[in-house]
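Novice: Just passing along the structure, written as C-alpha cells.
Number of protein chains: 2
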Amino acid sequence: MISVSIIEEIIKVVGEKWCLTDPADMATYAFDGFFKDYTPDAVVLPKKTAEVSDVLQIANREKINIVPRGAGTNLSGTSVARRGGMIMPLTRMDRIIEIDSVNRCAIVQPGVVNAELQKAVEPFDLMYGPDPSSWYVSTVGGNISLNAGGPRALKYGSARDHLIGLEVVRANGEIVKIGSKTSKNAAGLDLPHLFCGAEGTLGIITEATVRLIPLPEAKHTLQAVFGNLDDACEAVSEIVSSGIIPSAMDLLDQILINLIQGYGGVQFPDGASALLLIEIDGHPQAIEQESEKIKQICHNNHAIDIVLARTPEENEVVWRARRSIGGTFSKVCKTLINEDATVPVSSLPDIMKKVLALREKYKLNIGIMAHAGDGNLHPSIMTDAQNQDEMKRVDQFAEELYREALSLGGSLSGEHGIGLAKKSFMSMQFEETALKMMREIKRLLDPNNILNPGSYLDEER
Amino acid sequence: MISVSIIEEIIKVVGEKWCLTDPADMATYAFDGFFKDYTPDAVVLPKKTAEVSDVLQIANREKINIVPRGAGTNLSGTSVARRGGMIMPLTRMDRIIEIDSVNRCAIVQPGVVNAELQKAVEPFDLMYGPDPSSWYVSTVGGNISLNAGGPRALKYGSARDHLIGLEVVRANGEIVKIGSKTSKNAAGLDLPHLFCGAEGTLGIITEATVRLIPLPEAKHTLQAVFGNLDDACEAVSEIVSSGIIPSAMDLLDQILINLIQGYGGVQFPDGASALLLIEIDGHPQAIEQESEKIKQICHNNHAIDIVLARTPEENEVVWRARRSIGGTFSKVCKTLINEDATVPVSSLPDIMKKVLALREKYKLNIGIMAHAGDGNLHPSIMTDAQNQDEMKRVDQFAEELYREALSLGGSLSGEHGIGLAKKSFMSMQFEETALKMMREIKRLLDPNNILNPGSYLDEER
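Just so you know, the protein sequences line up as chains A and B, in that order. Throughout, the numbering used here is defined as the position within the first sequence, counted from one, plus 2. Throughout, the numbering used here is defined as the position within the second sequence, counted from one, plus 2.
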C-alpha cells in the first residue's frame with residue numbers, strides 16, 4: 003500500500019484527476035493482454051516528462067514500484083503490477099511532436115497510438131515499420147519497450163530497427179536524451195537500443211525518434227490454400243530461398259481456417275488445411291513478376307486455391323479475415339494464451355511438426371498462426387484459466403515448445419517479450435554469464451528495483 | 003611497462019610467437035588510420051576465445067591496458083594505446099564459422115576481413131551490408147566496434163543494422179553469448195547493440211552473427227558532373243524527396259575532382275566543380291525508371307555531363323576513380339585528417355556552405371567528399387602534422403565544423419567513431435546525464451578501466 007501522504011505528494015505533481023486509487027479503477031488496470039491479474043495500489047497518468055521525473059524521484063525515494071505501460075495490450079504479462087505499486091500509463095503523452103518527411107523520421111511522445119502515427123505520416127507517403135496486430139490501440143512507446151514487430155517485420159524489421167533516438171527518465175528521475183535525427187550515427191554508446199525491448203525495467207520512455215519508410219508504390223497479396231500443412235511449409239521454404247522478401251507471409255492452420263471461415267463473406271474451399279497470406283510490395287512491375295514466381299511455387303506445392311489481390315480493396319478483403327482471428331477467439335474460449343516461439347526460418351517445418359505433436363500429446367485446443375517468413379510462431383491456446391488440470395498441460399506444452407525452439411537455435415520471443423509468461427524459461431535461452439550481465443545493468447540503472455519488478459532481471463527470483 | 007613475469011604468463015596463453023615486445027613490432031602497432039602514434043608495451047595476438055579470456059583475466063588482475071583492434075584502419079584514433087599497455091589485434095581469429103544462406107546470416111570470428119566475407123557469401127547471392135572504404139582490409143569485428151557504414155549505408159544501414167548476435171569477453175574474462183540467428187528476437191536485453199560502436203571499451207568481440215542481404219538483381223550508377231556545388235546539393239535534396247532510396251550517393255567537390263582527374267583514364271569535362279555518383283540497385287525495370295527520374299533531376303539542376311553505367315564493367319569504371327581518392331592523398335600531403343560530421347540530410351546545403359566558409363577562413367587545403375544521401379560529410383584535410391600553426395587551424399576548423407553540425411541536429415560521427423579525434427567534443431553533443439549514463443555502464447563492465455582507456459568514457463578526462 004502507498005501511504006496517503008505519498009499519494010498527496012504525487013497528486014501535487016500530476017493533479018488529482020490523474021492519480022487514481024479507486025478500487026474500480028484499480029480493477030481496470032489489473033490486466034494486460036496476458037491472463038493474469040494483479041491489482042495495483044495506484045495508477046498515475048503523467049502529462050509530461052517533468053511529471054514522470056518528479057513521480058520517479060518520489061517513488062525511488064520511497065521504494066514504490068512503478069510499472070510503465072502504453073495501452074496494456076502486451077501478451078506476456080509485462081505491464082501488470084506483479085509486485086504491487088503504481089501503474090503508469092503514458093497514454094496522456096500522446097503528441098506527435100514532429101514529422102520530418104525529408105529526413106524520414108518522426109519525434110513522438112510514447113503514448114501516440116501506432117495507427118495514429120501511420121495515419122499522420124501517410125500523407126507524406128511514409129509509414130512506420132512496426133505493425134503489431136494491436137496497432138490500432140497499442141502505443142509507439144509500448145511497441146519500443148517490447149521491441150514489437152508484426153507481419154511486415156519480415157521485410158521491414160521490428161521496433162529496434164526503426165529506433166534512432168530516445169528521451170528516457172531513469173529510476174532516479176534523471177532525464178537522459180540520446181540519439182539524433184541523422185540516419186547514420188556512430189557517436190557514443192548505443193543507449194537507445196538498450197531500452198528497446200527492456201519491458202520498462204530500465205527507464206521510462208518519454209519521447210522517441212523513429213525512422214519512417216517510403217510507402218511502397220504497389221502491393222499484392224497472394225492467398226494460397228493448401229490441403230495440408232507440410233505443403234504450405236514447403237512453399238514457405240521455397241519462397242524464402244528464392245531471394246524474394248515478401249512484406250508479410252502469414253500461415254494459418256486448419257483450426258484457425260475453420261474459425262474465420264465465413265467471416266466477412268470469406269469462403270475457403272473444402273479440404274482447406276493450411277492458408278498462406280503472402281504480401282509483396284514495391285515497384286509495380288517487380289511485384290508482378292514476383293507474384294507470378296510465388297504463384298508458381300505455391301502451385302508446385304499443390305496449392306488447391308490461389309487468389310491474387312492486386313488493388314487496395316482486394317488486399318483488404320483477404321487480410322480482413324486474417325485480422326479477425328483475435329476477435330473470434332473470445333467466442334470459443336474463456337482464456338486465450340498466445341505463444342511466441344521463434345526459430346530460424348529454415349527450422350519452420352521442424353517446429354511446426356513439434357507443435358502438432360505437442361497439441362496431440364497434451365490434448366489442447368490450439369490454433370496455429372505463424373509469421374512464417376521469419377520463423378515466428380504463434381500457437382493460440384484456447385483454454386480456461388479456471389481449469390487447473392488443463393492449465394497444467396498448457397504450462398507443459400509451453401515448456402516443451404520453447405525447449406524445442408531453443409534447440410533449433412531459436413528464441414523465447416519474436417515480438418511479445420518475456421514478462422510473466424516466460425520468465426522461468428530465460429535460463430534455457432541464456433547462459434548464466436549473459437543473464438548476469440543483464441541483471442548487473444538492471445541494478446546499475448535501477449538499484450532499488452522499482453521499475454517493473456518481478457521480471458527475469460530480479461536478483462532474487 | 004609490463005613486467006617480464008607477466009609477459010611470460012601471457013606467452014603461456016598464446017605462445018611465444020604471438021606475444022610481441024620487440025621495439026620494431028611496437029612501432030608497427032603504434033599507429034592506426036589517425037595520425038597520432040602511441041607506442042604500446044606489448045602486442046598480443048590470440049587465436050581463440052579462451053585465449054582472449056585468459057589474457058583479460060591476467061590484464062584485469064594486473065591492471066594492464068588492452069586495446070583490441072581489427073586491421074587498425076580506424077580514422078579517429080580508436081585503436082592506439084593511448085595510455086600504454088597491450089594492443090590486441092584479433093586478426094588471427096579470421097574464420098568464417100558458418101554461412102547460413104537460408105536464414106540469411108553468417109557467424110564469423112572478429113578478424114574476418116569485410117571483403118573476404120563479401121566474397122564468401124556472393125556465391126549464395128548474398129552480401130554483408132557495411133561497405134567501408136577500408137573493406138578490403140578492415141575486419142568485421144572492427145566494423146562492428148565502430149558501427150562502420152560506407153556508401154551503401156544510405157539504403158542498407160550501418161553495422162548496427164546487421165548485427166543479431168555476439169560473443170564478447172568481458173574485462174574480467176567472462177565469456178558472454180548474446181543474440182541468435184532468428185531475424186526477430188525480443189528476448190532479454192539488447193546486449194549485442196551495446197557493444198556495437200563502443201570502440202572496444204566495454205568488451206572484446208570474439209564472434210559475431212550478422213545479417214546478410216540478397217544481392218540486388220541489377221545495379222546502375224549515374225555519374226553527374228555539375229558546374230557548381232549548389233546545383234549538386236539541390237539535386238541531392240530533390241532525389242531524396244522523390245522517394246527513391248539510392249544504394250549510394252556520393253558527392254565530390256572540385257578539389258577532389260582535380261585530384262582524381264585522369265586516374266585510370268577518367269576525364270571530367272571543363273568546368274567540373276562537383277561530382278555526384280548515384281548508385282541505385284534492385285529490380286531491373288524499377289531501376290531503369292528510377293535512373294530516368296534521377297537523370298531528369300540532375301538535368302533540371304544544370305548538370306553539365308551525365309554518364310549512366312549499366313553493366314558491372316561500366317559501374318566499375320565510374321567508381322574506380324572515386325575509390326582512388328584515398329591513395330592519391332599521400333602524393334599531395336604528409337598528413338591527412340578525415341572528418342566525419344553528419345547532419346540530417348535536409349541540412350546538407352547548410353553544412354556544405356559552412357565547410358566552404360571555414361575552409362576559406364582557416365586557409366586550409368580541404369577536399370570535400372560526402373555520402374550526400376545521408377548527410378555524412380567527410381572533409382579531407384590535407385596537412386602536415388609537423389606544421390604547428392596549420393594544425394592549430396585544423397583544430398579550430400574541426401571544432402567549428404562539429405559545432406555547426408550539432409546545431410543542425412547532427413552528430414559528431416556518421417561512421418568513424420569518436421576515438422582521440424573528437425573526445426573533447428562529446429559534451430557538445432550529449433548532455434551530462436547521457437554522458438554520465440555511458441560512463442556508469444563503462445565502469446560497471448570494466449571497473450579497472452583496462453579496455454581501451456583514454457576514451458571519452460574515462461572518469462577523469
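Backbone N, C-alpha and C fix where the C-beta goes; we use that ideal spot for every residue, glycine too. Quick caveat: nothing in here was measured; it's all calculated off a predicted structure.
Since A/Val54 is in the beta strand (DSSP E), which residue starts that stretch and which ends it?
Specialist: Careful: A/Val54 lies outside any beta strand (DSSP E), inside the alpha helix (DSSP H) at 51–64.
Novice: Work out the CA separation of A/Ser413 and B/Ala189 for me, nearest whole Å.
Specialist: Taking the straight line joining both Cα atoms gives about 7 Å.
Novice: So is A/Thr23 in contact with chain B if we call contact Cβ pairs under 9 Å?
Specialist: Cβ-Cβ to chain B under 9 Å: no for A/Thr23.
Novice: Which one of B/Glu201, B/Val319, B/Lys297 has the shortest CA to CA distance from B/Gln269?
Specialist: The option with the nearest alpha carbon to B/Gln269 is B/Val319.
Novice: Taking 8 Å as the threshold, find out whether the segment 132–149 of chain B comes into contact with the segment 395–407 of chain B through three or more Cβ pairs.
Specialist: In short, these stretches do not touch, since the Cβ pair count stays below three.
Novice: In terms of residue numbering, what span does the alpha helix (DSSP H) encompassing A/Val16 cover?
Specialist: Its alpha helix (DSSP H) spans residues 6–16.
Novice: Per DSSP, which one or two residues make a beta bridge with A/Val171?
Specialist: BP columns for A/Val171 point to A/Ile177, A/Ile206.
Novice: With three or more C-beta pairs closer than 8 Å as the rule, is the segment 417–430 of chain B touching the segment 433–441 of chain A?
Specialist: Short answer: they don't touch.
Novice: Going by other Cβ atoms of all chains shown within 10 Å of its Cβ, with 16 needed for buried, is B/Asn367 buried or exposed?
Specialist: So B/Asn367 ends up on the exposed side.
Novice: Using three-state DSSP, classify A/Leu410 as helix, strand or coil.
Specialist: In this structure, A/Leu410 counts as coil in the three-state DSSP scheme.
Novice: Considering only the beta carbon of each residue, do B/Asp342 and B/Gly416 sit closer than 9 Å?
Specialist: In contact: B/Asp342 and B/Gly416 (Cβ atoms closer than 9 Å).
Novice: Note down, in chain order, every chain B residue with its Cβ under 8 Å from the Cβ of A/Cys198.
Specialist: Those within 8 Å of A/Cys198 in chain B are Asp192.
Novice: In chain order, what residues of the segment 446–463 of chain B put their CB closer than 7 Å to some CB of chain A?
Specialist: The segment 446–463 of chain B vs chain A, Cβ under 7 Å: Leu446.
Novice: Give the secondary structure of B/Ile246 by DSSP, where H, G and I count as helix, E and B as strand, and everything else as coil.
Specialist: B/Ile246: coil per DSSP, three-state reduction.
Novice: Considering only C-alpha positions, which residue in the set B/Lys65, B/Asn378, B/Leu422, B/Arg322 is nearest to B/Leu156?
Specialist: When each option's Cα is compared against that of B/Leu156, the closest is B/Asn378.
Novice: Which same chain residues, not among the five before or five after B/Arg94, have their C-beta less than 8 Å away from its C-beta?
Specialist: Trp20, Leu47, Pro48, Lys49, Gly113, listed in sequence order.
Novice: Counting contacts by CB-CB distance shorter than 9 Å, is A/Phe432 in contact with chain B?
Specialist: Cβ-Cβ to chain B under 9 Å: yes for A/Phe432.
Novice: In the structure shown, what three-state DSSP assignment does A/Gln2 receive?
Specialist: Not covered by the structure: residue 2 of chain A. The range shown for chain A is 3 to 463.
Novice: Please list the residues of the segment 372–399 of chain A that have a C-beta atom closer than 9 Å to any C-beta atom in chain B, keeping them in chain order.
Specialist: Of all residues in the segment 372–399 of chain A, His373, Gly375, Asp376, Gly377, Asn378 have a Cβ within less than 9 Å of some Cβ in chain B.
Novice: Going along chain A in order, which residues have a C-beta closer than 9 Å to the C-beta of B/Val139?
Specialist: Within chain A, no residue comes near B/Val139; the closest Cβ sits about 19 Å away, beyond 9 Å.
Novice: Quick one, are the C-beta atoms of A/Phe126 and A/Leu214 less than 9 Å apart?
Specialist: Closer than 9 Å, so yes.
Novice: Could you tell me the distance, in whole angstroms, from the CA atom of A/Ala276 to the CA atom of A/Ile66?
Specialist: Cα to Cα, A/Ala276 sits roughly 49 Å from A/Ile66.
Novice: Buried or exposed: where does A/Ile99 fall if 16 or more other Cβ atoms within 10 Å of its Cβ makes it buried?
Specialist: A/Ile99 is exposed by the Cβ-count criterion.
Novice: Where do the N-terminal and C-terminal ends of the beta strand (DSSP E) with A/Val139 fall, by residue?
Specialist: It is not in any beta strand (DSSP E) - A/Val139 carries neither H nor E in the DSSP assignment.
Novice: Which of helix, strand or coil does DSSP assign to B/Pro25?
Specialist: Helix, per DSSP.
Novice: Going by DSSP, what residue range makes up the beta strand (DSSP E) through B/Ser382?
Specialist: Segment 378–385, the beta strand (DSSP E) holding B/Ser382.
Novice: Looking only at its chain, what residues have a beta carbon closer than 7 Å to the beta carbon of A/Leu422, apart from the 5 residues adjacent to it on each side?
Specialist: Phe36, Lys38, Ser78, Gly79, Arg84, listed in sequence order.
Novice: Taking a cut of 9 Å between CB atoms, which residues from the segment 320–353 of chain B lie near chain A?
Specialist: Listed in sequence order: Asp342, Thr344, Val345, Pro346, Val347, Ser348, Ser349.
Novice: Under 8 Å Cβ to Cβ from B/Ile207, same chain only, skipping five residues before and after it: list those, please.
Specialist: Taken in chain order, the residues that qualify are Pro70, Leu92, Pro112, Gly143, Ile146, Ser147, Leu168, Glu169, Val170, Phe197.
Novice: Alpha carbon to alpha carbon, how far is B/Gly175 from B/Leu350?
Specialist: Distance between the alpha carbons of B/Gly175 and B/Leu350 is about 44 Å.
Novice: Report the partner residues of B/Thr337 according to the DSSP bridge assignment.
Specialist: For B/Thr337, which the question treats as bridged, DSSP gives the partners B/Thr385.
Novice: How many Å lie between A/Glu281 and A/Glu219 at the Cα?
Specialist: If I take the Cα positions, the gap works out to 13 Å.
Novice: Using a threshold of 9 Å, state whether the C-beta atoms of A/Thr41 and A/Ala52 are closer than that.
Specialist: No; because the gap between Cβ atoms is not below 9 Å, this pair is not in contact.
Novice: Considering just the uninterrupted stretch of the beta strand (DSSP E) at A/Arg71, what are its terminal residues?
Specialist: Run containing A/Arg71: 68–71, per the beta strand (DSSP E) assignment.
Novice: Strictly below 8 Å CB to CB, what residues from chain B border A/Gln287?
Specialist: Ordered by position in chain B, the residues that pass the 8 Å Cβ test against A/Gln287 are His285, Gln287, Ala288.
Novice: Would you kindly work out how many angstroms separate the C-alpha atoms of B/Glu18 and B/Arg445, rounded to a whole number?
Specialist: Cα to Cα, the separation comes out at about 32 Å.
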